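Student:
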Amino acid sequence: MAKNNTIFTCQNCGAQSPKWLGRCPECNNWNTYVEEQIAEEVKPTRSSMTASANFSPTPLPDISTDASEHDPVGIAELDRVLGGGIVPGSVILIGGDPGIGKSTIVLQAFGSIASKASKVPGQQGRKVLYISGEESAPQIKMRAERLKINHEDIYVIAENCLERLMEEIKKLKPSVIAVDSIQTIYSNNITSAPGTVSQVREAAGQFLYYSKACATATILVGHVTKDGAIAGPKVLEHMVDTVLYFEGERGHPFRLLRAVKNRFGSTNEIGVFEMTGAGLKEVLNPSSLFLAERPENASGSVVVASLEGSRPVLIEVQALVTSSGFSQPRRTAIGMDSGRVALLVAVLEKVIGLQLQDQDIFLNVAGGIKVNEPAADLGILAAIASSFKNKPIDPHMLILGEVGLTGEVRAVSGIEIRLAEAAKMGFTKVILPKSNAKVKAPKGVETIGISSVTECLDLA
Ligand code: TYD
Ligand code: MG
535 MAKNNTIFTC QNCGAQSPKW LGRCPECNNW NTYVEEQIAE EVKPTRSSMT
585 ASANFSPTPL PDISTDASEH DPVGIAELDR VLGGGIVPGS VILIGGDPGI
635 GKSTIVLQAF GSIASKASKV PGQQGRKVLY ISGEESAPQI KMRAERLKIN
685 HEDIYVIAEN CLERLMEEIK KLKPSVIAVD SIQTIYSNNI TSAPGTVSQV
735 REAAGQFLYY SKACATATIL VGHVTKDGAI AGPKVLEHMV DTVLYFEGER
785 GHPFRLLRAV KNRFGSTNEI GVFEMTGAGL KEVLNPSSLF LAERPENASG
835 SVVVASLEGS RPVLIEVQAL VTSSGFSQPR RTAIGMDSGR VALLVAVLEK
885 VIGLQLQDQD IFLNVAGGIK VNEPAADLGI LAAIASSFKN KPIDPHMLIL
935 GEVGLTGEVR AVSGIEIRLA EAAKMGFTKV ILPKSNAKVK APKGVETIGI
985 SSVTECLDLA
């Protein structure tokens, strides 16, 4: 009997089944199963693994960590997210919506790496290779011209075949490789179409083996699905060392680079960029950017301090409360969790006694960024109350605190750095949870400790 050597794979989560299924039992998505050839398992041979890899047990103090030293790219915001720079032999995955600027940041990073290396005397072989599976070489060149990048150590190849690419890589021996994008690369050994789970897994696996073996860093650019996850198997995220997401709202020039996984640094760090006519510009002081167009003395506008990794960012939250013409009022929240907003509205109704049942409530975070922190609760609540009562909040006041269901205000973490950022941006008053009020306030900032939302609204 002929051996059945195909298998059906869910293109969303990578689950496999010997039969076609309409609905994936793992991720519950419909019509995601595609028939694929069973790939011959590629096992890394010992010689293909890193030469420095040690296969015998070694006492911990004797293990050298030189190999995992960060090599700064030279773009401060990118280095921050990477934990100090690119580690030789590491594999970095960058995901993001189409047109967000993934190709741009990779090319800019290459421009920086190539030109930096040439300044270091005696440093050779800092060649970088840009593999483009989507755009032709002249298109890359046009982008580079726009970014004013031109360096003889930046090599470009427009090719999708994995085997051909591996040949070229072994000849060129670049120190950093970028694959734009991993979904367009296919291996001749696998019959399924490019972008399918087996192709992506195989291509990523090959780049990973090469990186580890030759201490070459690889940047993989990944497409995202409509839910915002990196397309292809979840294993892709498990395989690589670092996963970065490039985020931003359409129509806003701000872009956030966020680390969601980093074996060589902290996660939750963000890098802030602005997309300009000449590429991505670093934004070294995000607070001033997000507060730039803040209306002063307008009701419904409150500034909160959100902590992104180790970095405080001041953000303006806006609320608009108007009487509703519908029996079911609207609740729209952009840039924050709508479940949390519903909770805060309920607290305002029950604890403060505001009549919000017949009011439409719209909330927005200025600048197109997101606040996911409970520390912003009290600020959001104060913004809603301010708009409802048509009573502006002091523009030099910052409001911080997590709100509980009974209207109590709970402590938030990282209060010192949030206060320092507030002082830097010229805020003079900060309403904060009582248990946080013990912290020494920076010069020029008055802190007011409160323990309930009632107290906060009396002051604000
Ligand atoms: P790109 O890096 O091609 O996005 P991705 O690779 O994530 O799909 O960026 C494309 C967008 O960025 C495009 O809409 C044009 C814009 N852009 C600028 O505004 N300025 C620039 O200097 C560059 C290179 C692109
Ligand atoms: Mg691109």
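Counting from 1, position 75 in the sequence shown corresponds to residue 609 in this note's numbering; the numbering is continuous, with no gaps. A virtual CB, placed ideally from N, CA and C, is assigned to each residue, including glycine. These figures come from a predicted structure and were not determined experimentally.
#1: When you compare each of D892, A975, S920, S985 to G935 by their alpha carbons, which one comes out closest?
#2: When every heavy atom of the ligand TYD is checked, does at least one fall within less than 7 angstroms of the C-beta of M773?
#3: Would you report the Cα separation of G756 and L993, rounded to the nearest angstrom?
#4: Enumerate in chain order the residues of its own chain whose CB-to-CB distance from S637 is below 6 angstroms, with the five nearest sequence positions on each side excluded.
#5: Could you tell me which whole alpha helix (DSSP H) segments of length 4 or greater appear in the segment 881-939?
#6: If we require 4 or more residues per run, which alpha helix (DSSP H) segments fall completely within the segment 634-691?
#7: Give a yes or no on whether the C-beta atoms belonging to G941 and P967 are separated by under 8 angstroms.
#8: When we look at the beta-carbon of A623 and count the other beta-carbons within 10 Å, is it buried (16 or more) or exposed?
#9: Taking the DSSP output, what are the residues bridged to M700?
#10: Nearest-angstrom Cα distance between E816 and C547?
#11: Give me the residue from G633, A643, P632 with the minimum Cα distance to I626.
#12: Which residue from A910, A867, I849 puts its Cα closest to that of G901?
#13: Check whether the Cβ atoms of T718 and N694 sit closer than 8 angstroms, and answer yes or no.
#14: Enumerate in chain order the residues of its own chain whose CB-to-CB distance from E783 is below 6 angstroms, with the five nearest sequence positions on each side excluded.
#15: Given this structure, state the Cα-to-Cα distance separating Q550 from A917, to the nearest angstrom.
#16: Does DSSP put P593 in a helix, in a strand, or in coil?
#17: Is the Cβ-Cβ distance between I895 and V836 less than 8 angstroms?
#18: Mark K661 as exposed unless 16 or more other C-beta atoms lie within 10 angstroms of its C-beta, in which case mark it buried.
#19: DSSP on I984, reduced to helix/strand/coil?
#20: Please report how far the alpha carbon of I804 lies from the alpha carbon of L641, in whole angstroms.
#21: Which same chain residues, not among the five before or five after I927, have their C-beta less than 6 angstroms away from its C-beta?
#22: Under DSSP, the beta strand (DSSP E) around K977 begins and ends at which residues?
#23: Could you check which residue in Y689, V769, F741, R864 has the C-alpha nearest to that of L854?
#24: Cβ of R792 within 8 angstroms of Cβ of E781?
#25: Indicate whether S732 and L696 have their beta-carbon atoms separated by less than 8 angstroms.
#26: With C-beta atoms as the reference, is V987 less than 8 angstroms away from I868?
#27: Could you compute how far the alpha carbon of E686 sits from the alpha carbon of I639?
#28: Out of Q673, A678, I683, point me to the one whose CA is closest to A692's CA.
#29: Please specify which runs of the alpha helix (DSSP H), each continuous and at least 4 residues long, are wholly inside the segment 778-847, giving them in chain order.
#30: Residues in its own chain within less than 8 angstroms of Q891 by CB, not counting five upstream and five downstream?
#31: Compute every distance between the C-beta of K636 and the non-hydrogen atoms of the ligand MG, then say whether any falls below 7 angstroms.
#32: Taking just the CA atoms, how far does L699 sit from L706?
#33: With a threshold of 7 angstroms (Cβ to nearest heavy atom), would R677 be considered close to the ligand TYD?
#34: Ignore the nearest five residues each way along the sequence and tell me which others in M959's own chain have a CB closer than 6 angstroms to its CB.
#35: Can you tell me the Cβ-Cβ gap for I620 and D605, rounded? I've got them flagged as a contact below 8 angstroms.
#36: Measuring only the C-alpha atoms, how far is T566 from S872?
Tutor: Well, looking at it:
#1: Minimum Cα distance to G935 is reached at S985.
#2: No; taking the cut-off as 7 angstroms, the Cβ of M773 has no heavy atom of the ligand TYD nearer than that.
#3: Their backbone Cα atoms lie some 48 angstroms apart in a straight line.
#4: Correct list, in chain order: D714.
#5: The qualifying runs are 911-923.
#6: Listed in chain order, the alpha helix (DSSP H) elements of length 4 or more contained wholly in the segment 634-691 are 636-653, 671-680.
#7: Their beta carbons are not under 8 angstroms apart, which means G941 does not touch P967 by this criterion.
#8: First, the amino acid is wrong: residue 623 is Gly here, not Ala. Taking all protein chains shown into account, G623 has 16 or more neighbouring C-beta atoms within 10 Å of its C-beta and is therefore buried.
#9: DSSP output for M700 lists no bridge partner at all.
#10: Each residue's CA atom was taken as its position, placing E816 and C547 some 35 angstroms apart.
#11: Nearest C-alpha to I626: A643.
#12: Comparing Cα positions, the closest option is I849.
#13: Less than 8 angstroms separates the beta-carbon of T718 from that of N694.
#14: Excluding positions up to five away in sequence, the list reads G902.
#15: Distance between Q550 and A917, taken at the CA atoms: about 49 angstroms.
#16: DSSP, read as helix, strand or coil, puts P593 in coil.
#17: The answer is no: Cβ separation not under 8 angstroms.
#18: Classification for K661: buried.
#19: Here I984 sits in strand by DSSP.
#20: Using only the alpha carbons, I get a separation of about 19 angstroms.
#21: Scanning its chain for C-beta atoms nearer than 6 angstroms, with the 5 sequence neighbours on each side dropped, one finds around I927 the residues V836, S920, A994, in chain order.
#22: Unbroken run through K977: none, as it is neither H nor E.
#23: Among Y689, V769, F741, R864, the Cα nearest to that of L854 is on R864.
#24: Their beta carbons are under 8 angstroms apart, which means R792 touches E781 by this criterion.
#25: 8 angstroms or more divides the Cβ of S732 from the Cβ of L696.
#26: In this structure, I868 does not lie closer than 8 angstroms to V987 by Cβ.
#27: When the Cα atoms are used, E686 and I639 turn out to be separated by approximately 19 angstroms.
#28: Nearest option by C-alpha distance: Q673.
#29: Runs of the alpha helix (DSSP H) inside the segment 778-847: 820-824.
#30: Non-local C-beta neighbours of Q891 in its own chain, meaning closer than 8 angstroms and more than five positions away in sequence, comprise P863, E883, ordered along the chain.
#31: Yes - the ligand MG has a heavy atom lying nearer than 7 angstroms to the Cβ of K636.
#32: The alpha-carbon of L706 is positioned some 10 angstroms away from that of L699.
#33: Within the cutoff, so yes.
#34: So the list reads S821, L848, once near-sequence residues are dropped.
#35: Right, the Cβ-Cβ distance comes to about 5 angstroms (below 8 angstroms), so this counts as a contact.
#36: Pairing T566 with S872, the inter-Cα distance amounts to about 30 angstroms.
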